[in-house]
Amino acid sequence: MLEMLTRRIIPCLDVTLDESGCADVVKGEQFEELRYAGDPVELAQQYNRQGADELVFLDITASAEGRETMLDVVRRTADEVFIPLTVGGGISSVDDVKEVLRAGADKTAMNTAALQNPDLVEDAAENFGSQCVVVAIDAQRNYDIEEGEHIYTVDGRDCWFEAVVYGGREPTGVDAVEWAQDAAERGAGEILLTSMHGDGTKDGYDLPVTRAVSEAVDVPVIASGGAGGPEHMLEAFEDGKADAALAASIFHFDEYTVEEVKEYLDDNGVPVRI
Amino acid sequence: MKVDIVDYGLGNLRSVTRGLERAGADVRVTEEADIVRGSEALVLPGVGAFKEGMRGSSELHEALVDAVNDGAPLLGICLGMQMLMTASEEGGHAEGLDLVGGEVVRFPCEVGKVPHMGWNTVDVVSSHPLMDGVDGEHFYFVHSFYAAVDDYTVGSTEYGEDYAVEFSAVVSNSDGNVVGTQFHPEKSGDAGLRVLENYVEFARDR
Numbered sequence: 011m012l013e014m015l016t017r018r019i020i021p022c023l024d025v026t027l028d029e030s031g032c033a034d035v036v037k038g039e040q041f042e043e044l045r046y047a048g049d050p051v052e053l054a055q056q057y058n059r060q061g062a063d064e065l066v067f068l069d070i071t072a073s074a075e076g077r078e079t080m081l082d083v084v085r086r087t088a089d090e091v092f093i094p095l096t097v098g099g100g101i102s103s104v105d106d107v108k109e110v111l112r113a114g115a116d117k118t119a120m121n122t123a124a125l126q127n128p129d130l131v132e133d134a135a136e137n138f139g140s141q142c143v144v145v146a147i148d149a150q151r152n153y154d155i156e157e158g159e160h161i162y163t164v165d166g167r168d169c170w171f172e173a174v175v176y177g178g179r180e181p182t183g184v185d186a187v188e189w190a191q192d193a194a195e196r197g198a199g200e201i202l203l204t205s206m207h208g209d210g211t212k213d214g215y216d217l218p219v220t221r222a223v224s225e226a227v228d229v230p231v232i233a234s235g236g237a238g239g240p241e242h243m244l245e246a247f248e249d250g251k252a253d254a255a256l257a258a259s260i261f262h263f264d265e266y267t268v269e270e271v272k273e274y275l276d277d278n279g280v281p282v283r284i
Numbered sequence: 084m085k086v087d088i089v090d091y092g093l094g095n096l097r098s099v100t101r102g103l104e105r106a107g108a109d110v111r112v113t114e115e116a117d118i119v120r121g122s123e124a125l126v127l128p129g130v131g132a133f134k135e136g137m138r139g140s141s142e143l144h145e146a147l148v149d150a151v152n153d154g155a156p157l158l159g160i161c162l163g164m165q166m167l168m169t170a171s172e173e174g175g176h177a178e179g180l181d182l183v184g185g186e187v188v189r190f191p192c193e194v195g196k197v198p199h200m201g202w203n204t205v206d207v208v209s210s211h212p213l214m215d216g217v218d219g220e221h222f223y224f225v226h227s228f229y230a231a232v233d234d235y236t237v238g239s240t241e242y243g244e245d246y247a248v249e250f251s252a253v254v255s256n257s258d259g260n261v262v263g264t265q266f267h268p269e270k271s272g273d274a275g276l277r278v279l280e281n282y283v284e285f286a287r288d289r
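From first to last, the protein sequence lines are chains X and U. Note that the numbering used here has the first sequence beginning at 11, numbered continuously upward. Note that the numbering used here has the second sequence beginning at 84, numbered continuously upward.
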């Protein structure tokens, strides 16, 4: 058997509340128009059976009711599914981190709150260890190169990668590569990088930004946003240098199983857990 | 079979509790030295930093050592495994429980990304009932420090592509009642649940 750390395949479940207050998994295109995808705990079990390496739950309501529901989903999932669980969405304090870890999560993903208050990354890492601190960065290309710190040439044009918040609606002026390095230095154990360029499109991950961040930090990077099939994951590992690939809709709507994705990767020489 | 999980106030205990329950154990989570001292079987879970873990009451640590010296089985997981060792260089230098004689050191940056995070294979190099039926399986790891391969090694794992380090994925003391896994069995799917079952069965047979 090949002795090697395998590349991880991570289904992501965007969790919201339906009209009766129950948890649903949904998926939108570029963070808009949501489609119903199923019950989160059932989906989690299904992905676990298919060989998912980890699961990510994102509370897209970022509300008090959403949080309570999410904790319940995490508890019920952790009782049945024995693989790492990451929870994100609205986590903005050390107490929030503690609450989701106690519910059975192994990692917390912090996005806007970490960008606005980078000390939170340090506090969480000091209290619970870097292994449970994932910093989520949403990035998009910005062609106004006067503003950026790290400039890359993509398809013949110079650009930089800007961190955005609020589902991509608000640019921050922060260089995503710089922020990823800073977050890792402050104790983030992993970077979850979502490219707004690709998110929901199924045209593939934004490989230039994935590679830029992955080469800039010493911690693992999860590529996210844009997966339409196993070939995109292969690209994320080979060209994007990612350590893990996250996808949502291709799994939710039964286009591919995790198993099919892994078989494809295995056939193409990527080490995966089968 | 009653199994006591030692709670030193860090992180997710739910998964290890449920995993052991699934393995047939009657699980109790405790932070009391008296309960630890009289325990039939112990689990020292682990997430967090070494010094934070060892900062817990010295009374609890003494109780763990007493229980083990009386022959109680003890399973350390991840940081819990590292705490079984003599010392760690995490955060400068910190004393461990010294139940397994060895040092915990940081991965050199040449191995690539640190922490070593994800699923990797474990080769059983020295027989122990804990690892029955899982030789060569994948397990979930997340750690930046490791114990080298030595006499105490039961299972080994390699990390790094161009420059690789072989480290102890599973350790045991010479009596065999103290065992530790660098990986998280409670997060390693079916193979991990098998290790927890093996532990419960091993503890029951002693």
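Beta carbons: idealized from backbone N, C-alpha and C, even for Gly.
With 8 angstroms as the threshold, decide whether the Cβ of residue i is near any Cβ in chain U.
| i | result |
| --- | --- |
| Phe-92 (chain X) | yes |
| Asp-63 (chain X) | yes |
| Phe-41 (chain X) | Its pLDDT being 45, under 50, Phe-41 (chain X) is placed unreliably in this model, and the value from its coordinates should be taken loosely. No, no contact with chain U. |
| Val-229 (chain X) | yes |
| Asp-28 (chain X) | no |
| Glu-200 (chain X) | yes |
| Thr-16 (chain X) | yes |
| Asp-253 (chain X) | yes |
| Ala-115 (chain X) | yes |
| Ser-234 (chain X) | no |
| Asp-89 (chain X) | yes |
| Arg-221 (chain X) | no |
| Arg-196 (chain X) | no |
Determine whether the Cβ of residue i lies closer than 8 angstroms to any Cβ atom of chain X.
| i | result |
| --- | --- |
| Tyr-246 (chain U) | no |
| Tyr-223 (chain U) | yes |
| Val-188 (chain U) | no |
| Tyr-242 (chain U) | yes |
| Met-214 (chain U) | no |
| Pro-198 (chain U) | yes |
| Arg-111 (chain U) | no |
| Glu-178 (chain U) | no |
| Arg-97 (chain U) | yes |
| Glu-115 (chain U) | no |
| Arg-101 (chain U) | yes |
| Glu-269 (chain U) | yes |
| Gly-272 (chain U) | yes |
| Gly-259 (chain U) | no |
| Val-278 (chain U) | no |
Looking at the secondary structure, which residues open and close the beta strand (DSSP E) in which residue i lies?
| i | result |
| --- | --- |
| Glu-180 (chain X) | 180–185 |
| Gly-184 (chain U) | 183–189 |
| Phe-224 (chain U) | 221–226 |
| Pro-21 (chain X) | 18–27 |
| Lys-85 (chain U) | 85–89 |
| Asn-278 (chain X) | That residue, Asn-278 (chain X), is in no beta strand (DSSP E); it is neither H nor E in DSSP. |
| Asn-203 (chain U) | 199–204 |
| Glu-241 (chain U) | 236–242 |
| Glu-200 (chain X) | 200–205 |
| Asp-69 (chain X) | 65–69 |
Got a sec, what are the start and stop residues for the alpha helix (DSSP H) residue i sits in?
| i | result |
| --- | --- |
| Met-80 (chain X) | 74–88 |
| Gly-179 (chain U) | Run containing Gly-179 (chain U): none; DSSP gives neither H nor E here. |
| Ser-224 (chain X) | 217–226 |
| Asp-290 (chain U) | The requested residue 290 (chain U) does not occur in the structure, where chain U is confined to residues 84 to 289. |
| Ala-233 (chain X) | No alpha helix (DSSP H) holds Ala-233 (chain X); the beta strand (DSSP E) holding it covers 231–234. |
| Ser-255 (chain U) | Looking at the DSSP string, Ser-255 (chain U) is not in any alpha helix (DSSP H); the run it does join, the beta strand (DSSP E), is 248–255. |
| Ala-2 (chain X) | Absent from the structure is residue 2 (chain X), since the part of chain X shown begins at 11 and ends at 284. |
Just checking my contact of residue i with residue j at CB under 8 angstroms: how many whole Å lie between their CB atoms?
| i | j | result |
| --- | --- | --- |
| Phe-171 (chain X) | Ala-222 (chain X) | 6 angstroms |
| Val-253 (chain U) | Gly-263 (chain U) | 7 angstroms |
| Leu-65 (chain X) | Leu-111 (chain X) | Contact doesn't hold; Cβ gap of about 15 angstroms is too wide. |
| Tyr-215 (chain X) | Ala-246 (chain X) | 5 angstroms |
> According to a CB-to-CB cut-off of less than 8 angstroms, which residues of the stretch 141–164 of chain X neighbour chain U?
Replying inline: Gln-141 and Cys-142
> Where are the alpha helix (DSSP H) runs, 4 residues long or more, that stay fully inside the stretch 116–198 of chain X, in chain order?
Replying inline: 122–126, 129–138 and 186–195
>> In chain order, what are the residue ranges of uninterrupted alpha helix (DSSP H) at least 4 long that sit wholly in the stretch 93–168 of chain U?
In response: 97–105, 116–120, 133–138, 141–152 and 162–167
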